[in-house]
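What follows is a short report on a single structure.
Dropping the structure here:
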């Protein structure tokens with residue numbers, strides 16, 4: 002019967018733990034702050050709470066005597082939080098770079114059913130018709146602000162590598178309208194390319210990633226020599242591209258009059274639905290259209306989810322190790338303090354204050370570990386530049402890790418959850434330890 006009772010208590014703890022963690026991971030910080038205030042009031046205003054405060058104070062005062070085991074908990078949890086936040090920061094930085102590339106007042110038109118710009122081909126007739134559709138903004142001369150563009154892959158030597166260390170970069174062929182559609186793109190060195198010339202402008206991200214892209218240098222693309230005449234900055238995914246005259250790119254890569262897409266500026270930022278309806282109503286066109294914000298957000302989803310999945314998987318594996326470390330240390334601490342706990346029980350302290358005190362002690366160590374791990378992740382990885390082959394692209398995308406407050410908060414919640422699990426079972430064991438047995442054994 003005793004074994005059955007112990008089994009049911011253990012099962013109840015596991016169920017309560019799962020439910021609590023399920024609620025915990027969804028709690029926003031205001032709710033957590035509210036719970037912390039309520040808990041502080043309980044400890045200050047109730048008899049059991051004051052008992053828990055007293056027991057907690059005693060336990061915390063002995064942490065220096067248990068510095069080794071306490072450090073195991075702190076370092077283990079700091080490692081979990083640091084790795085988790087760093088991996089999630091990579092996904093966040095990747096997504097943010099692509100999201101910044103788009104806006105709600107510009108749209109991208111591609112061939113129907115094309116998953117991405119590089120998979121789309123618009124024939125010359127479509128390229129001529131699309132800018133004439135109602136709903137497109139016009140410049141001072143009355144010309145539609147629409148940029149038919151071509152994207153191709155080019156291979157260049159990576160910086161710091163040998164001649165065999167090459168990477169893919171996206172070469173975008175554009176016209177004058179591209180600068181009007183994207184006012185955030187600024188020339189930061191040199192000049193713009195001249196129409197009809199084999200001249201390139203390079204994004205800052207591409208210049209950092211590949212060798213030979215300094216202004217004035219020549220590079221070989223499509224079996225032809227191109228001169229780098231300028232450098233631009235956009236602060237988004239376009240920073241990783243090379244830009245050249247669309248007609249010259251089409252000739253060099255034998256694309257004829259076709260283009261991959263048409264990027265345009267809407268006459269009314271709220272008029273996307275009307276513009277889309279106009280495109281769909283034209284029998285000459287079989288195209289898809291999205292705002293550039295939606296398009297680039299969709300392109301980032303798959304990779305971001307994959308990175309997030311990897312981060313959470315690695316975090317869970319490391320968290321399991323940290324939990325076992327915390328359990329081991331706290332069980333040892335409870336065993337070492339068995340006489341003290343038994344004495345408190347003998348003079349009238351209830352089991353609840355003992356449970357609360359041990360869990361608070363563990364969660365304090367977890368909090369320190371979480372803060373340490375988050376701080377290290379922010380110091381080391383925030384702003385760290387990386388690159389990867391971008392979804393929907395044929396070239397590398399340079400981006401910066403972004404350690405946001407939301408990610409730091411998630412890491413802190415993971416730390417406290419590990420501390421909660423690691424302290425719960427030792428705390429319950431301490432509260433259920435028979436007083437006479439504990440006093441007799443020591």
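Residue numbers (this note's numbering): 2 to 443.
The beta-carbon is built from N, C-alpha and C at its ideal position, and this holds for glycine as well.
Check                                                                                                                                                                               : Outcome
Once you ignore the five residues that flank residue 74 on each side, which residues in its own chain have a CB closer than 6 angstroms to its CB?                                  : 327, 330, 366
Once the 5 residues before and after residue 22 are set aside, which same chain residues still bring their CB inside 7 angstroms of it?                                             : 418
Straight-line CA distance for residue 233 to residue 359?                                                                                                                           : 58 angstroms
From residue 91 to residue 312, what distance separates their C-alpha atoms?                                                                                                        : 9 angstroms
In terms of alpha-carbon separation, which member of 382, 413, 224 lies closest to residue 88?                                                                                      : 382
Starting from residue 292 and walking both ways along the beta strand (DSSP E), at which residues does that stretch end?                                                            : 288–292
For residue 29, which three-state DSSP category applies?                                                                                                                            : coil
Which residue's Cα is closest to the Cα of residue 294: 160, 60, 110?                                                                                                               : 110
Determine, using beta carbons only, whether residue 273 and residue 100 come nearer to each other than 9 angstroms.                                                                 : no
Provide the residue(s) that pair with residue 227 in DSSP beta bridges, ordered along the chain.                                                                                    : 220
Which term fits residue 38, buried or exposed, when burial requires 16 or more other beta carbons within 10 angstroms of its beta carbon?                                           : exposed
What does a CB cutoff of less than 8 angstroms around residue 308 pick up in its chain, not counting 5 residues either side in sequence?                                            : 88, 89, 91, 92, 95
Helix, strand or coil for residue 97 per DSSP?                                                                                                                                      : helix
Contact check, residue 262 vs residue 134 under 8 angstroms by CB: the rounded distance?                                                                                            : The pair is not a contact, with the Cβ atoms about 15 angstroms apart (cut-off 8 angstroms).
Put residue 54 into one of helix, strand or coil per three-state DSSP.                                                                                                              : helix
For the beta strand (DSSP E) that residue 262 lies in, which residues bound it at each end?                                                                                         : 262–266
Is it buried or exposed for residue 429, if we count other Cβ within 10 angstroms and need 16 for buried?                                                                           : buried
Would you mind stating whether residue 18 and residue 421 have Cβ atoms separated by less than 9 angstroms?                                                                         : yes
Is the beta carbon of residue 290 less than 9 angstroms from the beta carbon of residue 276?                                                                                        : yes
Put residue 321 into one of helix, strand or coil per three-state DSSP.                                                                                                             : helix
Between the Cα of residue 444 and those of 267, 210, 248, spot the shortest distance and give me the residue it belongs to.                                                         : Given a span of 2 to 443 for the chain in the structure shown, any question on residue 444 remains unanswerable.
Just to confirm my understanding: we take residue 270, look at its own chain, exclude 5 residues before and 5 after, and list those with CB closer than 8 angstroms. What are they? : 105, 106
Excluding the 5 residues flanking residue 220 on each side, which residues of the same chain have their C-beta closer than 6 angstroms to its C-beta?                               : 213, 227
The beta strand (DSSP E) that contains residue 402, what's its start and end?                                                                                                       : Here residue 402 belongs to no beta strand (DSSP E), and DSSP marks it neither H nor E.
Please confirm if the stretch 187–200 is in contact with the stretch 241–259, defined as three or more CB-CB distances below 8 angstroms between the two stretches.                 : yes
According to DSSP, simplified to helix, strand and coil, what is residue 281?                                                                                                       : helix
Assuming the contact rule is C-beta atoms closer than 8 angstroms, residue 399 and residue 388 should be a hit. Round their C-beta distance to whole Å, please.                     : 5 angstroms
Which runs of the alpha helix (DSSP H) fall wholly inside the stretch 319–379 and span at least 4 residues, in chain order?                                                         : 339–347
According to DSSP, is residue 2 part of a helix, a strand, or is it coil?                                                                                                           : Reliability of the predicted coordinates at residue 2 is poor, the pLDDT of 46 falling under 50, and no value is obtained from them.
Under the three-state reduction of DSSP, which class applies to residue 200: helix, strand or coil?                                                                                 : strand
From the DSSP output, which residues share a beta bridge with residue 244?                                                                                                          : 173, 202
Which class does residue 232 belong to by DSSP, given the choice of helix, strand or coil?                                                                                          : strand
Is it buried or exposed for residue 206, if we count other Cβ within 10 angstroms and need 16 for buried?                                                                           : buried
If you draw a straight line from the alpha carbon of residue 286 to that of residue 127, how long is it in whole angstroms?                                                         : 7 angstroms
Quick check: what's the CA-CA separation for residue 114 versus residue 407?                                                                                                        : 35 angstroms
Just the C-alpha distance for residue 144 and residue 157, rounded to the nearest angstrom, thanks.                                                                                 : 36 angstroms
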